[in-house]
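In the working numbering, the protein residues as written are 42 to 383. Each residue gets a CB set at the ideal place from its N, CA and C atoms; glycine is no exception. Keep in mind it's a predicted model, so treat the numbers as computed, not measured.
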Amino acid sequence: MPIVPVPESVRAFELDPAMPSGALPIFGEYLDRLGRDTANQRLVAGFFLAFGVVQFVAGAGVALLIGTFALAGAIEAWWLHRAYVRVPEARLKREAFRLVDITADGLVAAGRTVAVRLPDGRWLRVRLDEAHRLLVAGHRRVWLLGRGPKVFVGFSGVVRLRRGRVHDGPPPGALPVPAPAGSGSPRLDPVLTAHRRQIARDRRATAAFLLVLAGFAGWVALDFPAVGWLAWTFGAGALLGAVAAVLRAFAHDRPLAADHWTELRAVLDGPVRMTRHGAARLSGLTMLADGRVVPFRLPKADPSMAANIAATGRLWIAGVPRPGAAKTGLPGYPVLGTVWLG
């Protein structure tokens, strides 16, 4: 059971170019669930629209109607953008991925836009956060889905896709992207650190949105006492959610405390199941350093985490594994989670 050092090549989930993308285990199910979840979440905007119309008909005035429509429009725009960037069209699920190996001088970046030179001499441009840019720079390959100028881009060890576009040249002012410095320590891993910072930014954005919702609910409660009890309840829930998001953001701003990884064998006791909200649920058996065989479970796992455990039969624990909750991930990949041992 190797603890340190981490092997130079860590086994990870990879997209299979021999199968239609929609038929890939876990990945296909994740895409289906993401598409349904995106459609369902957009119903929230419909609720606010209906609420505004009802209040206007009831004589609440134009201000509430305009505010409600603005909020509904912002929610709808966000989910439309999310669907455009991350959810492939249904026809693409019948196509297979194409593997593109990146040459020594075939990876450049200008700001958040990363460009990859394709075998035909054209350039793929895709906007990536720091963690995925480091991932591409370290593994030097991507997978493409689609045949036109607009394609979806897949990465090693990750089930999430990004929409990219093929151009005749790289972006202006692009510079070569160096390979990240490797580290066998969760605390010093540059990809994991960047990934945790991105999670913290996402949590802060969520907190800001929830504060807007809480403020909107307070306005409704003060100006329209007839629905005050409902508005105050909604506002309190949004405020508590914002506080929780801020606390989680502070936690992810700090690096992982562990200095080494522990690699455990993992045997699943059944298929990976996707929840209604796009998370994965899996469980099985693993063996600790003292030889004890204990059950493990990830009730709300990142789909990428589930795909890597299922594909490799390995569970990477940050630090020394003990019964109870433990941080899990994948060295050198933007994949994190919490596993329960025992």
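First through last residue of the alpha helix (DSSP H) which encompasses residue i
i	result
Leu-176	171–180
Phe-257	231–264
Asp-294	269–294
Backbone secondary structure at residue i - three-state DSSP
i	result
Ser-324	strand
His-122	helix
Pro-110	A small correction: the amino acid at residue 110 is Phe; Pro does not occupy that position in the sequence shown. Reduced to three states, the DSSP call for Phe-110 is helix.
Leu-68	The identity of residue 68 in the sequence shown is Phe, whereas the question assumes Leu. Phe-68 falls in the helix class under three-state DSSP.
Ile-143	coil
Ala-215	coil
Ala-59	coil
Phe-54	coil
Leu-185	strand
Ala-137	strand
Ala-220	coil
Arg-166	strand
Nearest-angstrom Cα separation, counted from residue j out to residue i
i	j	result
Val-200	Gly-256	36 Å
Ala-414	His-122	The first residue shown for the chain is 42 and the last is 383, placing residue 414 beyond what the model contains.
Leu-185	Ser-62	11 Å
Tyr-374	Leu-65	20 Å
Ala-235	Leu-297	12 Å
Asn-349	Gly-325	14 Å
Arg-333	His-301	21 Å
Ala-351	Thr-109	44 Å
Ala-119	Ala-215	In the sequence on display, residue 119 carries Trp and not Ala. Cα to Cα, the separation comes out at about 29 Å.
Pro-217	Asp-310	45 Å
Lys-341	Gly-152	33 Å
Arg-158	Asp-146	8 Å
Leu-233	Glu-171	10 Å
Arg-132	Trp-270	47 Å
Val-287	Ala-248	6 Å
Pro-219	Ile-67	32 Å
Phe-54	Met-60	15 Å
Ala-246	Asp-331	43 Å
Leu-251	Ala-347	29 Å
Ala-178	Gly-195	14 Å
Pro-43	Val-361	Any reading at Pro-43 must be qualified, since the residue scores a pLDDT of 44, below 50, and its modelled position is unreliable; no value is offered.
Thr-379	Lys-368	5 Å
Where residue i falls, given that 16 or more other Cβ within 10 Å makes a residue buried
i	result
Phe-138	buried
Gly-274	The question names Gly, but residue 274 is Thr in the sequence shown. Answer is exposed; the Cβ neighbour count stays below 16.
Leu-281	exposed
Phe-337	buried
Val-183	buried
Arg-174	buried
Trp-357	buried
Trp-164	buried
Gly-210	exposed
Glu-304	buried
Ala-4	The displayed coordinates of the chain run from 42 to 383. Any statement about residue 4 would go beyond what the structure contains.
Ala-277	exposed
Arg-203	buried
Thr-144	exposed
Contact check, residue i vs residue j, beta carbons under 8 Å
i	j	result
Arg-74	Gly-319	yes
Val-376	Ser-345	yes
Ala-241	Ala-290	yes
Thr-353	Arg-127	no
Pro-212	Arg-244	no
Span of the beta strand (DSSP E) around residue i
i	result
Thr-303	302–309
Thr-353	Note, Thr-353: premise wrong, no beta strand (DSSP E); alpha helix (DSSP H) at 344–353.
Phe-196	191–196
Gly-378	377–382
Thr-154	154–158
Ala-367	365–370
His-208	199–208
Ala-299	Element bounds for Ala-299: n/a, residue is neither H nor E.
Ala-151	148–151
Distance cut-off 7 Å: residue i Cβ against heavy atoms of the ligand FMN
i	result
Ala-366	No copy of the ligand FMN appears in this structure; indeed no ligand is present at all.
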